Amino acid sequence: MNKDIVKLMNTIKYHFKDERLLIQALTHRSYANEHDMYGMHDNERLEFLGDSVLDLISTEYIVAKYPQLKEGDMSKIKSQLISENAFSTIANEIQLGEYLFLSNGENATGGRKRKSILGDAFEALIGAIFLDSGDYYITKKVALEYLVKTLKHLDSIEGILDYKTELQEYIQSIYKVTPEYEIISATGPDHDKVFTVIVTVNGKTVGEGVAKNRKSAEKAAAKQALSSMRGKK
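Mapping of the sequence shown onto UniProt numbering: position 40 corresponds to residue 40, and the numbering continues sequentially without gaps.
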C-alpha cells in the first residue's frame, strides 16, 4: 500500500496517531474483498460512525448560525449539507479519490470519481478522526473547515432560506401587521440595474437590501431586518 498518506494528513491538518485507521477509512469494500484482507476491515463501519458524527456537527452548527429559523427551514439546509453531493464535493476538494484503495474493477470503471464512493469515504475519514483523536471538538474543527465552505454555497440557493416569509410571520406575531417593501433607488443602465429596497413596519424602516433585482433586494432587506430585530429582543 504505497500511498502518500502524509500528504493527505497535511491537507486536512490532522495527523493520525494510528495510521491504520486512516488506511481503513480509505479502503473500499471492493479492495478488501479482492485482496482477502481478513486482518483488516474496509471503511463501511467508519462510514457509519462518521455519518452520525457529521449529523451532530452539522445540526449543532446550523442551530447556532441561524437562530431565526424554524425547524423546517433548518431541516432544508441540513438535507443539502448532509448529502452525497456535498460530501463528494468536499472529497474532491481534498483530492480524496487519489488515496482510495479500490479493486481493479472499481478503479477501471471510474470509482475514484464516483460520488457515492467519495461521499462514503469522506464520512469514513471523519469517523476515523473521531476514533483516533477521541475528541469530538477536534473532529468538529476538521469537519467544519469544509462544511462551512459548503454552507456558503448553499446559502445562495433560492428557497432554502425564505427570509421574507420568516419576517412576515415574526412581524405579524408581534405587531399584527404585514411588513411593507419599497424600492428607494434603482441605479445603472437597464441591463445592469442595482436595486435598493427598504422594509418598513408601521412606517419605520427595519431593514435595507441591495441587489441586482427587486426580489433579491427584498430578501436581503428581510434578512437584515430579522437579524436586527431578533438581536434587540
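Don't be surprised by glycine CBs; every beta carbon is placed ideally from N, CA and C.
Every value quoted in this text rests on a predicted model; they were computed, and no experiment measured them.
**OP:** Note down, one range per segment and in chain order, each alpha helix (DSSP H) of at least 4 residues found wholly within the UniProt domain "DRBM" (162-231).
**Re:** At a cut-off of 4 residues, the continuous stretches assigned as alpha helix (DSSP H) that sit fully inside the UniProt domain "DRBM" (162-231) are 163-175 and 214-231.
Can you give me the start and stop residues for the alpha helix (DSSP H) that residue 16 sits inside?
Looking at the DSSP string, residue 16 is not in any alpha helix (DSSP H), and its letter there is neither H nor E.
Find the nearest neighbour of residue 20 within the set 36, 41 and 7, judged by alpha-carbon distance.
Per the Cα distances, 41.
- From residue 18 to residue 123, what distance separates their C-alpha atoms? When only Cα atoms are considered, residue 18 and residue 123 end up about 18 Å apart.
Nearest-angstrom Cα distance between residue 11 and residue 152? Using only the alpha carbons, I get a separation of about 21 Å.
Query raised in the report: Considering only the beta carbon of each residue, do residue 225 and residue 179 sit closer than 9 Å?
Result: Going by C-beta atoms, residue 225 is nearer than 9 Å to residue 179.
Quiz item: residue 27 bridges to which residues according to DSSP?
Solution: The secondary-structure analysis by DSSP pairs residue 27 across a beta bridge with 101.
request  = Would you kindly work out how many angstroms separate the C-alpha atoms of residue 14 and residue 145, rounded to a whole number?
outcome  = Looking at the two C-alpha atoms, the distance is approximately 12 Å.
Check: Tell me which same chain residues have a C-beta within less than 7 Å of the C-beta of residue 2, skipping the five on either side of it?
Finding: Bear in mind that the predicted position of residue 2 carries a pLDDT of just 43, short of 50, making it unreliable; the figure below should be weighed with that in mind. The answer is none, since no qualifying residue turns up.
Self-check item: Alpha-carbon to alpha-carbon, residue 173 and residue 166
Solution: Their backbone Cα atoms lie some 11 Å apart in a straight line.
- Message: Between the segment 129-139 and the segment 43-59, can you find at least three pairs of beta-carbon atoms closer than 8 Å?
- Response: Result yes; three or more Cβ-Cβ pairs closer than 8 Å.
### Three-pair Cβ contact test at 8 Å for the segment 106-125 versus the segment 87-94
As far as the Cβ criterion goes, the segment 106-125 touches the segment 87-94, which means the pair count is three or higher.
- Going by alpha carbons, who is nearest to residue 8 out of 44, 100 and 80? Among 44, 100 and 80, the Cα nearest to that of residue 8 is on 100.
Burial state of residue 33, where buried means 16 or more other Cβ atoms lie within 10 Å
An exposed status is given to residue 33, since fewer than 16 other beta-carbon atoms sit within 10 Å of its beta-carbon.
Problem - Residue nearest to residue 130 in terms of C-alpha spacing, selected from 47, 209 and 227 - result: The residue with the shortest Cα to Cα distance from residue 130 is 47.
(message) By the three-class DSSP mapping on this structure, what secondary structure does residue 153 have?
(response) Note: residue 153 maps to helix in three-state DSSP.
Using a threshold of 9 Å, state whether the C-beta atoms of residue 49 and residue 62 are closer than that.
Between residue 49 and residue 62, the C-beta spacing is not below 9 Å.
By Cβ distance, which residues of its chain are closer than 7 Å to residue 66, with the 5 residues on each side in sequence left out?
If the five residues before and after residue 66 are omitted, its C-beta is found closer than 7 Å to the C-beta atoms of 74, all from its own chain and listed in chain order.
Q. CB-CB under 6 Å to residue 25, same chain, minus the five flanking residues each way: which ones, in chain order?
A. Only residues of its own chain outside the window of five on either side were considered, and among them 43, 46, 124, 125 and 128 have a CB closer than 6 Å to the CB of residue 25, listed in chain order.
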